[in-house]
Amino acid sequence: MSWSPPPIHIFDTMTNSRQKLVPLHPGEVRIYVCGLTVYDYSHVGHARTFIVFDVVRRYLAYRGYRVVFVRNHTDVDDKIIARANQNQEPPLTLAERFIEKLDEDLDRLNCLPPQVAPRVSQEMPVIIEMTTRLIEAGHGYVVDGDVFYDVDSFHQYGKLSKKVLEDLRAGERVSVDERKRHPYDFALWKATKPGEPKWPSPWGEGRPGWHIECSAMSTHYLGDTLDIHGGGRDLIFPHHENEIAQSEGATGKTFVNYWMHTGPLTVDGEKMSKSLGNFWTVRDILKVHHPDVLRFFLLTAHYRKPIGFSQDGLEEARQRVLYFGRTLERLSGILAICDAIDPEGPCQKPDLLPRYWEEVHAAMDDDFNTPRFLALFHELAKKANDLVPATPRKVKDPGQVRTLAMIRDALQHSGAILGLFKGSAEETLRTMRQLRLSQLGVDLPQVEQLIARRIEARSAKDFSRADEIRQQLKEMGVSLMDSPTGTVWDVD
RNA sequence: GGCGCGGUGGCCAAGUGGUAAGGCGAAGGUCUGCAAAACCUUUAUUCACCGGUUCGAAUCCGGUCCGCGCCUCCA
Numbered sequence: 010m011s012w013s014p015p016p017i018h019i020f021d022t023m024t025n026s027r028q029k030l031v032p033l034h035p036g037e038v039r040i041y042v043c044g045l046t047v048y049d050y051s052h053v054g055h056a057r058t059f060i061v062f063d064v065v066r067r068y069l070a071y072r073g074y075r076v077v078f079v080r081n082h083t084d085v086d087d088k089i090i091a092r093a094n095q096n097q098e099p100p101l102t103l104a105e106r107f108i109e110k111l112d113e114d115l116d117r118l119n120c121l122p123p124q125v126a127p128r129v130s131q132e133m134p135v136i137i138e139m140t141t142r143l144i145e146a147g148h149g150y151v152v153d154g155d156v157f158y159d160v161d162s163f164h165q166y167g168k169l170s171k172k173v174l175e176d177l178r179a180g181e182r183v184s185v186d187e188r189k190r191h192p193y194d195f196a197l198w199k200a201t202k203p204g205e206p207k208w209p210s211p212w213g214e215g216r217p218g219w220h221i222e223c224s225a226m227s228t229h230y231l232g233d234t235l236d237i238h239g240g241g242r243d244l245i246f247p248h249h250e251n252e253i254a255q256s257e258g259a260t261g262k263t264f265v266n267y268w269m270h271t272g273p274l275t276v277d278g279e280k281m282s283k284s285l286g287n288f289w290t291v292r293d294i295l296k297v298h299h300p301d302v303l304r305f306f307l308l309t310a311h312y313r314k315p316i317g318f319s320q321d322g323l324e325e326a327r328q329r330v331l332y333f334g335r336t337l338e339r340l341s342g343i344l345a346i347c348d349a350i351d352p353e354g355p356c357q358k359p360d361l362l363p364r365y366w367e368e369v370h371a372a373m374d375d376d377f378n379t380p381r382f383l384a385l386f387h388e389l390a391k392k393a394n395d396l397v398p399a400t401p402r403k404v405k406d407p408g409q410v411r412t413l414a415m416i417r418d419a420l421q422h423s424g425a426i427l428g429l430f431k432g433s434a435e436e437t438l439r440t441m442r443q444l445r446l447s448q449l450g451v452d453l454p455q456v457e458q459l460i461a462r463r464i465e466a467r468s469a470k471d472f473s474r475a476d477e478i479r480q481q482l483k484e485m486g487v488s489l490m491d492s493p494t495g496t497v498w499d500v501d
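10 is the number of the first residue of the first sequence in our numbering; add one for each residue after it.
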């Protein structure tokens, strides 16, 4: 059986239109996503971008592509230096610490690690080499140990952000360095100042400017032309515009075939950002919510649209994750007490799964439409709940058992594409319940003990005693669900 | 001022020419010792507003109003 490329369409910022994905190297997609400047904890807006590209990556892999994914760490930067000086610690130590924190956050959010995670501080030769090439090509000029990029030398400058240099209001909000030939020239290399990390270079000691590292590292690890380059919409100008000027100025080749940009996460209608101070860190959220809840929430809107962050939104996501978890838990419970499944056996709904996957592909092939995927996911879960016997018991019909097993597998597989239910749905449920309990200040062993007593009471048909315990737990915030496979509890 | 994005039911959210997915919430029902969970039914003659194109528009064109993003660091 031969693999042929699926018809995946991606909305490309450069052309402002959906484009069919045709990777440069057949069967392989090379992706570079701009990482963070590591001087603080990551916030939910960062999480959105990383989760979106994690799903892009998982989906492409699921569709048969080999995916090479690179995400950088910017560990040399003005803000890092400023923060480190505040803390009176070496900038690279501070950066290292927040790289670790970021990795922890992303790991908890079940984002797959990149194959390569280059850091500015460790890529000086590559950065210096590209800067040298830019100077040789007439795109860079040296002034007192600084190197600037001459935007006038790159005639396509502005093609991504659709900006015309003359129309920009340079210097309106920030004063312009008068040594620059053009107000929008930007630093490739900055001469060292006291108290800053520095590296030797042909232009004297110093450090790289902000944009050069992404150009240098992405082309170094992925080749002169990348398939996909991603990041938040706020990076389009000037960061990505400058990357294009640098990379294309140095290589003479198209830098990126598909530009993908994620929409902002908003709070009360405004972008969540460090500078506005209206941000929630990933850690803040994970203190009260399971990572799957945040992930689910961030995937409920299409990645290019703004998504409004709110506690209500998270709560709704929590309810839905609970629903999927319960459904999976219910299916597994039934299947566990049924006879072994005959993999060759008849299926009650032969069309159900093929149609499901066809629709999932249609949704995701169309610029990764996760909201549509989620809707299909829900319909399938509903179908499963519909087929499950009203009172959970052993299912005798092998066709039905096989159908339930197939749905269960499809749900798990779908969850994996979305990066949900990392361990298992049961594990997610368990963790969610424990989180809720600790928030409510309820003791787990106590709950279990009460439930055990109630089960005794019920089996003795002492229903008034059973109801008493139910009420007692209800007051603690715990509600019970009786079923033949046992009494399951949940928290409000 | 320039460039770009968006306004869909109480809330969230798909839908880029063929007659409004899905979720939450709400109401009723089934099931249940009671309950919960789950399932079923109902809940937008209408897609910010005004014109236009078309047999046909939420979807295309023009205009208006409103919101947001970028133009400074920002995922």
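Ideal placement from N, C-alpha and C gives every residue a C-beta, glycine not left out. None of the values given here were measured: they were computed from a predicted structure.
Can you check DSSP and say which residues form a bridge with residue i?
i	result
G495	S492
H270	G240
T317	It is Gly, not Thr, that sits at residue 317 in the sequence shown. According to DSSP, which records beta bridges pairwise, G317 is partnered with T275.
P217	W198
G424	Paired residues: none, contrary to the question.
L149	With the sequence shown as reference, residue 149 is identified as Gly, and Leu is not the correct amino acid for it. Note: G149 sits in a beta bridge opposite Y158.
V265	L235
E37	H34 and R75
F20	R27
T46	T83
H229	Looking at the DSSP assignment, H229 forms no beta bridge with any residue, so it has no partner.
H52	T290
V330	Partner(s): none; V330 has no beta bridge.
If you reduce the DSSP assignment to three classes, tell me which class residue i lands in.
i	result
E205	coil
P247	helix
A200	strand
K296	helix
G432	coil
Q165	coil
L177	coil
S13	coil
S26	strand
K280	strand
T290	strand
V487	strand
V500	strand
T437	helix
R479	helix
R190	coil
V185	coil
V65	helix
V451	coil
Would residue i pass as a contact of residue j if the rule is Cβ separation under 8 Å?
i	j	result
P380	P315	no
S170	F246	yes
L446	L453	yes
L101	I60	no
R75	D236	no
C120	N81	no
V487	V456	yes
T46	K88	yes
G240	H229	no
T412	C356	yes
D491	R442	no
Y312	F386	no
G54	W12	no
Mind pulling the alpha helix (DSSP H) runs of 4 or more residues that sit fully within the segment 72-147? 87-96, 100-117 and 133-145
Cβ contact (3+ pairs, closer than 8 Å) linking the segment 336-348 and the segment 304-311: no
Just checking, does the segment 147-156 make contact with the segment 196-206 on the three C-beta pairs under 8 Å criterion? yes
Contact the segment 97-112 vs the segment 207-223: 3+ CB pairs below 8 Å: no
Are the segment 12-32 and the segment 47-58 in contact at 8 Å, needing three or more beta carbon pairs? no
What are the start and end residues of each continuous beta strand (DSSP E) run of 3 or more residues lying completely inside the segment 343-412, in chain order? Entirely contained in the segment 343-412, not one beta strand (DSSP E) run reaches 3 residues.
Any contact between the segment 261-268 and the segment 10-29? By contact I mean 3 or more CB pairs, one from each, below 8 Å. Cβ pair count under 8 Å is three or more, so yes.
Tell me whether the segment 387-404 and the segment 430-441 touch, counting them as touching only if at least three CB pairs, one residue from each stretch, are closer than 8 Å. no
Stretch pair the segment 200-214 + the segment 277-288: three plus CB contacts closer than 8 Å: no
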